[in-house]
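Take the sequence shown: its position 70, counting from 1, is numbered 55 in the numbering used here, and each next residue is one higher.
Just so you know, even glycine gets a beta-carbon here, dropped at the ideal spot from N, CA and C.
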Amino acid sequence: MSSMSQITRGRAPVPDLFDLVCARRGWTPQVLAALDDPSHPDLGDLGTMVEALYRIHESGERIVIIPDFDMDGISSGVLGHAGMAELGFTVELHTPDYRRGHDVGPADMAEIADRWPDTTTVITCDGGVNAGAGVDDAHARGWTVLVTDHHQELLPGSRADVTVDPCRLDETYPLKGICGAHVFYQVLERYALVHDPYRLWSIRLLRLFAGTGTVSDVMPLVGENRQLVRDSVAIAGLLDAPVPTTRNQWGEPQPDPSAIDSGEAVLLQLLAAEDHHPVFVAALEGFALTLKAFRAADKLRGNPDEEFYGWYLAPAFNSPRRIGTPISDCFEIFAPGPTQTRLETATRVLQANQQRMEMVKDFVAELQGSDQPLAPWVYLSHAPGGMLGLLANKLMTASGHPVVVLGAPGPGVMFSGSGRAPAWFNIIDTLAPVPHMMGIGHQQACGVRVEGLDGLAELAALLESTTARILAEAGPTDLTSAPDLRLGPSPDADAGLVDDRPLLSLLERLEALRPFGHGFETPVTEITADPATTRMDLIGSEDQHVRLTTAEGTRLLWWNAADHVGQLRQVLDDPQPTNWLRLQGTLSLNEFRGHRSVQLIVDHMVDEPARVPVTP
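Structural data, given as structure tokens:
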């Protein structure tokens, strides 16, 4: 990496933009090399679990997998079922019931005993480390209990026969932030290395699902997680069959639904020429069918990548539990069955996601329009429990401060719901000192429990007072972060928009640093535009998206931003504009009819734009 080499734009030299971004992010060659190091030690008791599985394999006993029901849980269950079937186990996959919560309990064991009476072993994934009652019930039935999980162990000494979990209290594994699917994958990979190296190539294809779990559970994209997600994206590309396209009214390509079944993915063609277990093949076919469904719905245009995982795939597979529809669809896509039926199932999951988005919009509007005496800090909603976090996130984003949304009270007047907060506010730490309040999960996104009606008012007062204290103590830049790059005609810009060659070079070099995500975020770019020469159009089937075009021809796309149109028009329609229009987001590459150009995917508009010099 050169030291601030220069690129000339007209007469004004500008710094090499890639070097500039790296300098502002602190991405030295040493830092990047450390981030990309995939080496790691063994998880605790990994070898013990592998040998326990080998005994089960050799005896031919039936083992049942118990997954969680979010995207990481689905990925874990599918990965485990496919991998163990490929390795020759007598294995079944239990479908969880999200209405019972995340704990693996006696009800799960009863259902398993009912359906597979000859079960001798259960293995959990993405859950189970704290499932005392469930483990005890399984042991009472004479079963062996194996746990793979990635959640914090609350009490030392799991009751399971073997537990593999990076967050066990006695665990020394350095990266605690690996997902449940990755833990199960490491068990299967080690098993194949030791006992069935011939199947190692097959097992490593299941990194596909470990990568989707990593992104969907917002694990830090550092260390071994980075290579895992890279491998997952590469495998997804091999499962993405080409789909014929037509042109829409704007001349842009869109999939031809009538031809969605044509073509077969490269990887599926390779698997068809080899001997693999039908459950293993079905899992990879299911992913390919899911990609086809997304392309048919025009939700996937480029290559599948980590952004597709996080913004489209995970929300879709999390949607059934949020709106109260069966979770079974999310597993059946990846199980053996007729191709057309499974494609229809994938389409149904996407439709549930669309319904989820519409329901969130309606419930947020209802909350904002109803009598909420504790607003804007605490809201009460009759929305499905799985949707409360989404509502809290919408309200938090709009207000800029922590918000808790709670459902109807349960026994003992216990209110449960979800809280969301900006990065500078820790919900769990704030609630911890209060005996009748609790936050469970992540500091900025967690489940919240409050006991008693008086506790609701106390919660609202606590959120308000803590926010006020943090804001009062914060310095002028403590709660906000400057963009990594400023572009446009404003005096503080790092480069202009007239010549996009430096920007194209920047994007090409940033591409080599993928994947981006939690712990290694995409650089934030701010584009300034002159309101007098910026054009705004509404696009989309319902005019739900905003497209801004600067005088230089740069496009700024703000998805689902219809609510911001009034705010934008106020700036753009000012007869004597005195402010720059400032928008922050992520730079991306647009390719259309062989022409490559840079565009900004907008995240938000800067509230206090800088003054534009007024020409006398």
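Would you mind working out which of the options sits nearest residue i, comparing C-alpha positions?
| i | options | result |
| --- | --- | --- |
| residue 561 | 309, 512 and 518 | 518 |
| residue 418 | 87, 202, 451 and 122 | 451 |
| residue 539 | 552, 545 and 521 | 521 |
| residue 475 | 512, 328 and 180 | 512 |
| residue 2 | 481, 575, 224 and 439 | 481 |
| residue 335 | 172, 298 and 348 | 298 |
| residue 411 | 447, 400 and 395 | 447 |
| residue 675 | 571, 555, 572 and 258 | Absent from the structure is residue 675, since the part of the chain shown begins at -14 and ends at 601. |
| residue 272 | 515, 316 and 14 | 316 |
| residue 341 | 440, 376 and 136 | 376 |
| residue 58 | 492, 310, 161 and 81 | 81 |
| residue 445 | 427, 365 and 491 | 365 |
| residue 454 | 503, 436 and 386 | 386 |
| residue 208 | 136, 83 and 500 | 500 |
| residue 587 | 580, 542, 311 and 130 | 542 |
| residue 435 | 396, 458 and 51 | 396 |
| residue 490 | 473, 574 and 477 | 574 |
| residue 372 | 358, 353, 392 and 363 | 392 |
| residue 49 | 83, 66, 56 and 400 | 66 |
Helix or strand or just coil, what does DSSP make of residue i?
| i | result |
| --- | --- |
| residue 580 | strand |
| residue 480 | strand |
| residue 556 | helix |
| residue 285 | coil |
| residue 170 | helix |
| residue 163 | coil |
| residue 590 | strand |
| residue 71 | helix |
| residue 543 | strand |
| residue 564 | strand |
| residue 401 | strand |
| residue 411 | coil |
| residue 204 | coil |
| residue 427 | strand |
| residue 140 | coil |
| residue 226 | coil |
| residue 573 | strand |
| residue 330 | helix |
| residue 351 | helix |
| residue 191 | coil |
| residue 249 | coil |
| residue 51 | strand |
| residue 518 | helix |
| residue 307 | helix |
Give the straight-line distance between the Cα atoms of residue i and residue j, rounded to the nearest whole angstrom.
| i | j | result |
| --- | --- | --- |
| residue 425 | residue 155 | 21 angstroms |
| residue 360 | residue 351 | 13 angstroms |
| residue 96 | residue 138 | 26 angstroms |
| residue 415 | residue 177 | 46 angstroms |
| residue 93 | residue 531 | 47 angstroms |
| residue 403 | residue 429 | 10 angstroms |
| residue 62 | residue 369 | 25 angstroms |
| residue 683 | residue 505 | No answer is possible for residue 683: the residues shown for the chain start at -14 and end at 601. |
| residue 309 | residue 301 | 13 angstroms |
| residue 249 | residue 173 | 28 angstroms |
| residue 16 | residue 344 | 43 angstroms |
| residue 54 | residue 547 | 33 angstroms |
| residue 374 | residue 549 | 23 angstroms |
| residue 128 | residue 105 | 5 angstroms |
| residue 557 | residue 189 | 53 angstroms |
| residue 471 | residue 477 | 7 angstroms |
| residue 423 | residue 288 | 42 angstroms |
| residue 468 | residue 212 | 27 angstroms |
Run the CB neighbour count on residue i, radius 10 Å, all protein chains shown included, and call it buried at 16 or more, exposed below.
| i | result |
| --- | --- |
| residue 378 | buried |
| residue 408 | exposed |
| residue 60 | buried |
| residue 87 | buried |
| residue 347 | exposed |
| residue 171 | buried |
| residue 113 | buried |
| residue 142 | exposed |
| residue 183 | exposed |
| residue 525 | exposed |
For residue i, decide whether its Cβ has a neighbour in chain B, counting only Cβ atoms nearer than 8 angstroms.
| i | result |
| --- | --- |
| residue 298 | Going by chain labels, chain B is absent from the structure shown, which holds only one protein chain. |
*Is there contact between the segment 159 to 172 and the segment 197 to 208, where contact requires at least three CB pairs shorter than 8 angstroms?*
yes
*Is the number of C-beta pairs between the segment 292 to 310 and the segment 260 to 267 that are closer than 8 angstroms three or more?*
no
*Are the segment 23 to 37 and the segment 278 to 292 in contact at 8 angstroms, needing three or more beta carbon pairs?*
no
*Pair every Cβ in the segment 40 to 53 with every Cβ in the segment 67 to 75, then say whether three or more of these pairs are closer than 8 angstroms.*
yes
*Would you say the segment 216 to 226 touches the segment 184 to 196, given that touching needs at least three Cβ pairs under 8 angstroms?*
yes
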